[in-house]
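Below is one structure, written out as structure tokens; the observations come after it.
Number of protein chains: 2
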Amino acid sequence: MARVRLTPERLTRAGAELADEVGFDQVTVSELARRFDVKVASLYSHLKNSHDLRTRIALLALEELADRAADALAGRAGKDALTALANVYRDYAREHPGRYAAAQFRLAPEVAACSAGVRHAQMTRALLRGYDLTEPDQTHAVRLLGSVFHGYVSLEMGGGFSHSAPDTQETWTRVLDALDALLRNWPPSP
Amino acid sequence: MARVRLTPERLTRAGAELADEVGFDQVTVSELARRFDVKVASLYSHLKNSHDLRTRIALLALEELADRAADALAGRAGKDALTALANVYRDYAREHPGRYAAAQFRLAPEVAACSAGVRHAQMTRALLRGYDLTEPDQTHAVRLLGSVFHGYVSLEMGGGFSHSAPDTQETWTRVLDALDALLRNWPPSP
DNA sequence: GCATCCACCTAATACCTTTAGGCAAATGCC
DNA sequence: GGCATTTGCCTAAAGGTATTAGGTGGATGC
Chain A
1 MARVRLTPER
11 LTRAGAELAD
21 EVGFDQVTVS
31 ELARRFDVKV
41 ASLYSHLKNS
51 HDLRTRIALL
61 ALEELADRAA
71 DALAGRAGKD
81 ALTALANVYR
91 DYAREHPGRY
101 AAAQFRLAPE
111 VAACSAGVRH
121 AQMTRALLRG
131 YDLTEPDQTH
141 AVRLLGSVFH
151 GYVSLEMGGG
161 FSHSAPDTQE
171 TWTRVLDALD
181 ALLRNWPPSP
Chain B
191 MARVRLTPER
201 LTRAGAELAD
211 EVGFDQVTVS
221 ELARRFDVKV
231 ASLYSHLKNS
241 HDLRTRIALL
251 ALEELADRAA
261 DALAGRAGKD
271 ALTALANVYR
281 DYAREHPGRY
291 AAAQFRLAPE
301 VAACSAGVRH
311 AQMTRALLRG
321 YDLTEPDQTH
331 AVRLLGSVFH
341 GYVSLEMGGG
351 FSHSAPDTQE
361 TWTRVLDALD
371 ALLRNWPPSP
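Below is the structure:
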């Protein structure tokens with residue numbers, strides 16, 4: 001038998017590609033086995049189960065996304081940084097819809113705590129150093145930015161904006177303008 | 191045999207309850223049949239297939255959500271309306287997580303066009319009458335609000351905010367303050 | 001009281017998931 | 001280089017979900 005040298009890493013990468021092709025929730029252990037021209041049961045020496053596979057793909061996506069974000073933020077500040085970070089999420093989702101969906105996969109809390117998810121929060125916080133916010137408003141702003149990035153990208157990819165008139169690129173830049181303005185004039189607590 | 195009088199409507203309602211209990215993507219034709227104490231194949235006279243079931247649940251959720259939104263918006267304007275609408279989404283997601291997930295189900299474009307989804311956009315637009323925005327900024331603002339509502343609720347439900355310090359209720363009110371401020375001082379086009 | 005129809009059933013096919021146990025290629029040791 | 005062990009992939013099997021085809025009996029209408 002031709003040994004294929006399966007490893008969790010190779011399976012995870014192939015799973016991520018599969019996700020981009022057919023959608024994250026269509027990722028199946030069977031299809032993965034088919035791609036490696038191997039019997040399904042063989043994968044279970046490398047993967048605990050189907051859920052484990054999804055978790056690994058999710059972690060991979062979070063890593064990749066965090067790496068891109070770190071790259072984009074390097075040497076930028078203020079609105080420049082805001083735009084760069086926002087575009088990282090949007091572009092990643094467009095290039096890798098399956099991986100992006102994977103990044104939304106709900107991880108077990110203890111797994112999430114060690115994941116690249118924490119880097120994302122840290123980077124958003126770093127971005128806010130270019131604005132004049134102190135705690136707890138900074139945390140509120142981190143959450144707002146996360147919500148807008150994630151919400152916008154999901155809705156855009158889900159076709160939520162597709163019917164209506166102004167193209168989404170224009171909205172995207174205007175939304176970033178608006179967020180920048182908001183962060184510069186963050187309203188004081190009542 | 192005790193006839194159960196299945197109908198698409200009853201199945202859809204039961205499916206929605208099932209979604210709230212076990213999660214939207216765990217909703218299965220088999221489980222639904224079990225709940226009605228009926229054989230699986232029997233459901234296929236009332237439902238085209240599994241995808242059809244999900245679509246119906248999604249449409250139900252969108253309707254319910256739109257009804258609640260219309261109710262909340264009645265007689266309100268400005269920030270009052272903004273808060274009310276935002277809370278409709280958040281509360282619905284908390285009360286009915288499965289249905290809320292269903293509302294995000296990607297519908298076929300022609301189905302989406304006839305769905306309550308369009309009412310949602312209209313209501314957000316109506317809300318903006320309390321602020322001083324003209325086209326195309328109004329559309330941009332509609333999309334921004336949709337993104338924030340959806341993004342915030344998803345992240346909060348997905349546990350994205352769970353580890354960190356200030357509680358999410360405080361952030362939520364501050365985010366709504368911030369959105370209100372932003373809509374009152376929408377930045378002009380460059 | 002009979003014919004009809006509809007609602008639910010049985011049967012069968014086809015995937016996907018997961019576990020248990022087998023065999024042979026690769027690896028390590030002398 | 002030959003032998004033992006490990007390990008990587010395989011066969012087999014059980015159980016769950018989706019979906020289609022065709023049957024039967026209880027409810028309905030005349």
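Here the protein sequences come in this chain order: A and B. Counting in my numbering, the first sequence runs from 1 upward without gaps. Counting in my numbering, the second sequence runs from 191 upward without gaps. By construction, the Cβ of each residue, glycine as well, lies at the ideal position given by its N, Cα and C atoms.
Apart from sequence neighbours up to five positions away, the residues of its chain that approach residue 46/A with a beta-carbon distance below 8 angstroms are 6, 7, 8, 11, ordered along the chain. Three or more Cβ pairs closer than 8 angstroms define a contact, and the stretch 218–232 of chain B falls short of that threshold against the stretch 284–300 of chain B. Across the stretch 203–236 of chain B, CB contacts with chain A closer than 9 angstroms involve 215, in sequence order along the chain. Residue 124/A places its beta carbon less than 8 angstroms from that of residue 145/A. The beta carbons of residue 317/B and residue 328/B sit no closer together than 8 angstroms. Taking 4 residues as the shortest admissible run, the stretch 191–227 of chain B contains the following complete alpha helix (DSSP H) segments, listed from N- to C-terminal end: 198–212, 219–225. Using a Cβ-Cβ distance cut-off of 8 angstroms, the stretch 274–289 of chain B and the stretch 225–236 of chain B are not in contact, since fewer than three pairs of beta carbons, one from each stretch, lie closer than that value. Chain order gives no chain A residues near residue 287/B, where near means a beta carbon separation below 7 angstroms; the closest approach is about 11 angstroms. The alpha-carbon of residue 169/A is positioned some 12 angstroms away from that of residue 153/A. From the listed residues 322/B, 257/B, 291/B, 278/B, the smallest Cα separation to residue 208/B is found for 291/B. Close to residue 320/B, with beta-carbon spacing below 9 angstroms, lies no residue of chain A; the smallest spacing is near 17 angstroms. With a minimum length of 3 residues, there is no unbroken run of beta strand (DSSP E) contained wholly in the stretch 57–107 of chain A. Put simply, the backbone Cα of residue 53/A is about 36 angstroms away from that of residue 75/A. Judged by DSSP in its simplified three-state form, residue 336/B adopts helix.
Cβ atoms of residue 259/B and residue 340/B stay farther apart than 8 angstroms, at about 13 angstroms. Assignment of residue 128/A by DSSP, reduced to helix, strand and coil, places it in the helix class.
Residues are counted here when their Cβ sits less than 8 angstroms from a Cβ of chain A; for the stretch 334–348 of chain B these are 334, 336, 337, 338, 339, 340, 341, 342, 344, 345, 348, given in chain order.
Note on geometry: alpha-carbon atoms of residue 268/B and residue 16/A lie some 45 angstroms from one another.
Taking C-beta atoms as the reference points, residue 186/A and residue 331/B fail to come closer than 8 angstroms.
Contact note: residue 87/A does not reach chain B at a C-beta cutoff of 8 angstroms; the least C-beta distance is about 15 angstroms.
Rounded to whole angstroms, residue 43/A and residue 203/B show a C-alpha spacing of 39 angstroms.
Across the stretch 361–372 of chain B, CB contacts with chain A closer than 7 angstroms involve 361, 364, 365, 367, 368, 371, 372, in sequence order along the chain. With a threshold of 8 angstroms between beta carbons, residue 294/B makes contact with chain A. Contacts between residue 375/B and chain A, judged by CB atoms closer than 9 angstroms, involve 181, 182, 185 in chain order. Distance from the CA atom of residue 213/B to the CA atom of residue 348/B, rounded to whole angstroms, is 12 angstroms. Think of a sphere of 9 angstroms around the beta carbon of residue 245/B: no beta carbon from chain A falls inside it, the nearest being about 14 angstroms out. Excluding its 5 nearest sequence neighbours in each direction, residue 161/A has C-beta neighbours in its own chain below 8 angstroms: 155, 168, 171, listed in chain order. With contacts defined as CB atoms closer than 8 angstroms, residue 59/A and residue 92/A fail to qualify as a contacting pair. Chain B has no Cβ within less than 8 angstroms of the Cβ of residue 8/A. With fewer than 16 other beta carbons inside 10 angstroms of its own, residue 4/A counts as exposed. For residue 109/A, the enclosing alpha helix (DSSP H) covers residues 109–114. For residue 362/B, the enclosing alpha helix (DSSP H) has its first and last residue at 358–374.
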